[in-house]
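Position 214 (the sequence shown) corresponds to 300 in the numbering used here; numbering is contiguous.
C-beta atoms are modelled at their ideal positions from N, C-alpha and C, and glycine is treated no differently.
The structure presented is a predicted model; accordingly, all values stated were derived computationally and were not measured.
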Amino acid sequence: MKIGVSGASGKLGAGVVENLRLRSGVEVVGITRTPLPTGSHETRFGDYDQPESLDAAYAGLDRLLIIPTVALAPGQRTQQNLAAIDAARRAGVPHVVFMSSAGARARPEPDVWASYFAAEQHLMQTALQWSILRMNYYAESFADEAKAALAQGALVGLGENRVAFVSRADLAAAAAGLLAGEGHEGAVYVGTGPRAWTGAERADLATKLAGKPLQHVTMPLQDLRARFLDAGLPPHVVEVVLSIRQGFVAGGFDIVTGDIEILSGRAPQSLETVLMKAFSDQVAPA
Ligand SMILES: NC(=O)c1ccc[n+]([C@@H]2O[C@H](COP(=O)([O-])OP(=O)(O)OC[C@H]3O[C@@H](n4cnc5c(N)ncnc54)[C@H](OP(=O)(O)O)[C@@H]3O)[C@@H](O)[C@H]2O)c1
């Protein structure tokens, strides 16, 4: 079976390729704007912003994973996702898997959920067969945020919330299991960590592991917007980040499932494990 991974050079995509390569009977095709020759699997050029390039990139695949980009200009990621789904249809890919987001729902741009929801709907309406793997918030992204917050003593949010952080490695293993497995047509999975953490709980966890005080602090939307702008984030990025924080408070990431284990065959890592690794990488001598 020939399985394509669109977004193969990214951190998540590389993990999916690595997992697929370990499976017998699977021929992997890594699709990216920067294909490099590998001794181990085929690579092809494909750019979501040049839809015509995707026809050749997706030709002859039995299954395709579409991993969205991190493009944050309003509407760009929606356009990319729809272009990839349309190209897969033109190429006749029998089964398309889309990496989506936990909590995805109909929201206007530039809300982070807008592009995921639009893609899910389009996929369901046009793909020959489809599956969706919604990701919870990356544990690694929280580790980065916690490291920055520890320097300031405050983990800032818009309100109390619960998030079941999941590691990229677990999502990659689950996506590979879905792609290479059978019986997933029309299924929507949600890849989550083993438990949800409140803001206060994750601040306490970071405090314990880093040995430095960290408090979860909430503030009104306009104050958080000003804080991010003062930190130098571009305005369009600030609005996406704020929509994620609003999504936290709305409970969009407060979901724990057994889907990582169902798809990958192993239990997801805890947030403690990911944080411990991130913090030890930070203090390790050069
Ligand atoms: N759940 C979460 O907390 C969370 C957080 C951040 C992001 N995400 C989502 O998860 C996805 C994967 O994350 P990641 O950490 O693996 O991101 P990453 O390492 O930044 O990878 C992004 C990938 O997008 C590809 N790409 C960029 N522009 C492209 C284009 N025009 N056409 C085709 N490919 C393009 C890049 O490949 P080339 O440059 O080689 O083409 C790269 O493979 C993200 O893109 C985002 O949708 C989720």
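Coarse secondary structure for residue i, derived from DSSP in three states
i      : result
THR212 : helix
THR293 : helix
THR359 : helix
HIS322 : helix
Span separating the alpha-carbon of residue i from that of residue j
i      : j      : result
PRO321 : TYR223 : 22 Å
SER356 : GLN211 : 36 Å
ALA273 : GLY90  : 19 Å
SER186 : SER217 : 10 Å
ALA142 : ASP309 : 48 Å
LEU315 : VAL323 : 9 Å
ALA234 : ALA100 : 26 Å
VAL333 : ASP367 : Going by the sequence as given, residue 333 is Gly instead of Val. Cα to Cα, GLY333 sits roughly 30 Å from ASP367.
ALA266 : ALA159 : 33 Å
LEU108 : GLY146 : 21 Å
ALA250 : PRO280 : 7 Å
ALA372 : HIS181 : Residue placement at ALA372 cannot be trusted, given a pLDDT of 42 that sits under 50; the coordinates are not used to answer.
GLN301 : ASP290 : 7 Å
ASP172 : HIS127 : 25 Å
THR164 : ASP133 : 14 Å
Start-to-end residues for the alpha helix (DSSP H) that takes in residue i
i      : result
ILE171 : 162-176
ARG254 : 254-266
Where the beta strand (DSSP E) containing residue i begins and where it ends
i      : result
PHE131 : 128-131
Residue(s) in a DSSP beta bridge with residue i
i      : result
MET221 : SER187 and GLY277
GLU138 : According to DSSP, GLU138 bridges with nothing at all.
ILE89  : VAL114 and ARG149
THR304 : GLY243
VAL156 : In DSSP, VAL156 forms no bridge with anything.
Counted within 10 angstroms of its Cβ, other Cβ atoms place residue i as buried (16 or more) or exposed
i      : result
PRO194 : exposed
GLN166 : buried
PRO354 : buried
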